[in-house]
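Engineer: Structure below; questions to follow.
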Amino acid sequence: DAGVTQSPTHLIKTRGQHVTLRCSPISGHKSVSWYQQVLGQGPQFIFQYYEKEERGRGNFPDRFSARQFPNYSSELNVNALLLGDSALYLCASSSLVGGEAFFGQGTRLTVV
Amino acid sequence: GENVEQHPSTLSVQEGDSAVIKCTYSDSASNYFPWYKQELGKRPQLIIDIRSNVGEKKDQRIAVTLNKTAKHFSLHITETQPEDSAVYFCAANKFGAGGTSYGKLTFGQGTILTVHP
């Protein structure tokens, strides 16, 4: 799992603000997925991107969006933050074929 | 969509005992079942996985079994050690033609395993 990097590691935002989270996958991995993990629960799927195209979307509002860049890194954007958006946001990197997913260390987002 | 149920939510064992965590899934098309270990404040780490073309897989002290008919899979840890204490998550995914992942891991709710010295 070494090699998936996320930034920032911690973030505090105010309700209504916007946030951008970043992820760099393992070298050679072309697929990036985003997950939200609320304390005490399992990760919940938000998005998957492959070759800059959205390949899957979980049950999250339109305030959540993402994109993937030509170097396969990715951004997750959340608009109009709510207190309930406070969570650990995890990025997972995988090769599309064969597909073991390896997670980054996450970004801990706190909305106050 | 897929739904994964995991039991128990907490499990406490003595060092050296075995631990078993069970998961059921709802989508019969799911064909890939990983297990992740997450220590407090750290990332989930893949510890073992199984694909639907096999019934059992072992890696040293850990093993996973899969019953496709019952849509049930389990994690077995033998000779538990205090460093096995963590939260364990099962998950399910499906791969299409050519082994292409649909990308969506559906996780169980997690099991807090505590191994007492």
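Just so you know, the sequences run in chain order H and C.
Here the first sequence is numbered in the numbering used here, starting from 57 and rising by one per residue.
Here the second sequence is numbered in the numbering used here, starting from -9 and rising by one per residue.
The beta-carbon is built from N, C-alpha and C at its ideal position, and this holds for glycine as well.
#1: Could you tell me which chain H residues have their CB closer than 7 Å to the CB of Leu95 (chain C), listed as they occur along the chain?
#2: For Leu36 (chain C), name the three-state secondary structure that DSSP assigns.
#3: Pull up the distance between the alpha-carbon of Gly96 (chain H) and that of Gly31 (chain C), whole angstroms please.
#4: Examine chain C for any beta-carbon lying closer than 8 Å to the beta-carbon of Asp92 (chain H), and answer yes or no.
#5: What are the residues that DSSP puts in a beta bridge with Tyr106 (chain H)?
#6: With a threshold of 6 Å on Cβ separation, who are the neighbours of His66 (chain H) within its own chain once the five nearest residues in sequence on each side are excluded?
#7: In terms of alpha-carbon separation, which member of H:Tyr91, H:Thr166, H:Leu138 and H:Ser142 lies closest to Glu131 (chain H)?
#8: Would Asp57 (chain H) pass as an interface residue toward chain C - the criterion being a Cβ-Cβ separation below 8 Å?
#9: Within 10 angstroms of its Cβ, does Leu138 (chain H) collect 16 or more other Cβ (buried), or is it exposed?
#10: Please tell me whether Ser42 (chain C) and Val54 (chain C) are closer than 8 Å, where the distance is taken between their beta carbons.
#11: In the DSSP assignment, what are the bridge partners of Val10 (chain C)?
#12: Check the Cβ of Pro24 (chain C) against every Cβ in chain H and list those closer than 9 Å, keeping chain order.
#13: Tell me which residue opens and which closes the beta strand (DSSP E) that Tyr145 (chain H) is part of.
#14: Are Ala163 (chain C) and Phe97 (chain C) touching if we call contact CB-CB under 8 Å?
#15: Looking at the unbroken beta strand (DSSP E) that takes in Pro24 (chain C), where does it start and where does it end?
#16: So which residues on chain C does Leu77 (chain H) lean against when the C-beta distance must stay under 7 Å?
#17: Which same chain residues end up closer than 6 Å to Asn83 (chain C) when comparing Cβ atoms and leaving out the 5 residues on each side of it in sequence?
#18: At the level of alpha carbons, what is the spacing between Val75 (chain H) and Ser150 (chain H)?
#19: For Thr166 (chain H), tell me which candidate among H:Pro64, H:Gln62, H:Ile68 and H:Gln100 has the shortest Cα-Cα distance.
#20: Looking at the structure shown, is Leu137 (chain H) part of a helix, part of a strand, or coil, going by DSSP?
Structural biologist: So, from the listed chains and residues:
#1: On the second sequence, residue 95 (chain C) is found 105 positions in, with the first residue counted as 1. Under the 7 Å cutoff, chain H gives Phe101 and Ala157.
#2: Sequence index remark: in the second sequence, residue 36 (chain C) carries index 46 (1-based). The answer is strand: DSSP assigns Leu36 (chain C) an E or B state.
#3: As a first step, residue 96 (chain H) is located in the first sequence; it is residue number 40 there, counting from the start. As a first step, residue 31 (chain C) is located in the second sequence; it is residue number 41 there, counting from the start. Cα-Cα distance, rounded: 12 Å.
#4: Working through the first sequence from its first residue, we reach residue 92 (chain H) at position 36. As written in the sequence, residue 92 (chain H) is Gln, which differs from the Asp given in the question. Not one chain C Cβ lies under 8 Å of Gln92 (chain H).
#5: Your numbering for residue 106 (chain H) matches position 50 in the first sequence. DSSP output for Tyr106 (chain H) lists H:Ser87 and H:Glu109 as bridge partner(s).
#6: Here residue 66 (chain H) refers to the residue found at position 10 when the first sequence is read from its first residue. Arg164, listed in sequence order.
#7: In the first sequence, residue 131 (chain H) corresponds to position 75, counting from 1. When only C-alpha atoms are compared, the closest one is H:Tyr91.
#8: Taking the first sequence and counting its residues from 1, one reaches residue 57 (chain H) at position 1. Confidence is the limiting factor: at Asp57 (chain H) the pLDDT is only 46, short of 50, which leaves the residue's position unreliable, though a coordinate-based value still follows. Closer than 8 Å: yes.
#9: By 1-based counting over the first sequence, the position of residue 138 (chain H) is 82. Burial call: exposed.
#10: The residue given as residue 42 (chain C) occupies position 52 in the second sequence. The residue given as residue 54 (chain C) occupies position 64 in the second sequence. Contact flag unset, no.
#11: What you label residue 10 (chain C) is simply residue 20 of the second sequence in a count that begins at 1. Looking at the DSSP assignment, Val10 (chain C) forms a beta bridge with C:His66.
#12: For this step, residue 24 (chain C) is matched to residue 34 along the second sequence. Correct list: Glu156 and Ala157.
#13: Taking the first residue of the first sequence as position 1, residue 145 (chain H) is located at position 89. Segment Ala143 to Ser150, the beta strand (DSSP E) holding Tyr145 (chain H).
#14: Any property of residue 163 (chain C) remains undetermined from this structure, which presents chain C solely from -9 to 107.
#15: Counted from its first residue, the second sequence places residue 24 (chain C) at position 34. Its beta strand (DSSP E) spans residues Tyr22 to Gln28.
#16: Position 21 of the first sequence, counted from the first residue, corresponds to residue 77 (chain H). Under the 7 Å cutoff, chain C gives no residues; its nearest Cβ is about 14 Å from Leu77 (chain H).
#17: The residue given as residue 83 (chain C) occupies position 93 in the second sequence. The answer, listed in chain order, is Tyr22 and Leu95.
#18: Translated into positions along the first sequence, residue 75 (chain H) becomes position 19. Translated into positions along the first sequence, residue 150 (chain H) becomes position 94. Looking at the two C-alpha atoms, the distance is approximately 24 Å.
#19: As a first step, residue 166 (chain H) is located in the first sequence; it is residue number 110 there, counting from the start. The option with the nearest alpha carbon to Thr166 (chain H) is H:Ile68.
#20: If you number the first sequence from 1, residue 137 (chain H) lands on position 81. Leu137 (chain H): coil per DSSP, three-state reduction.
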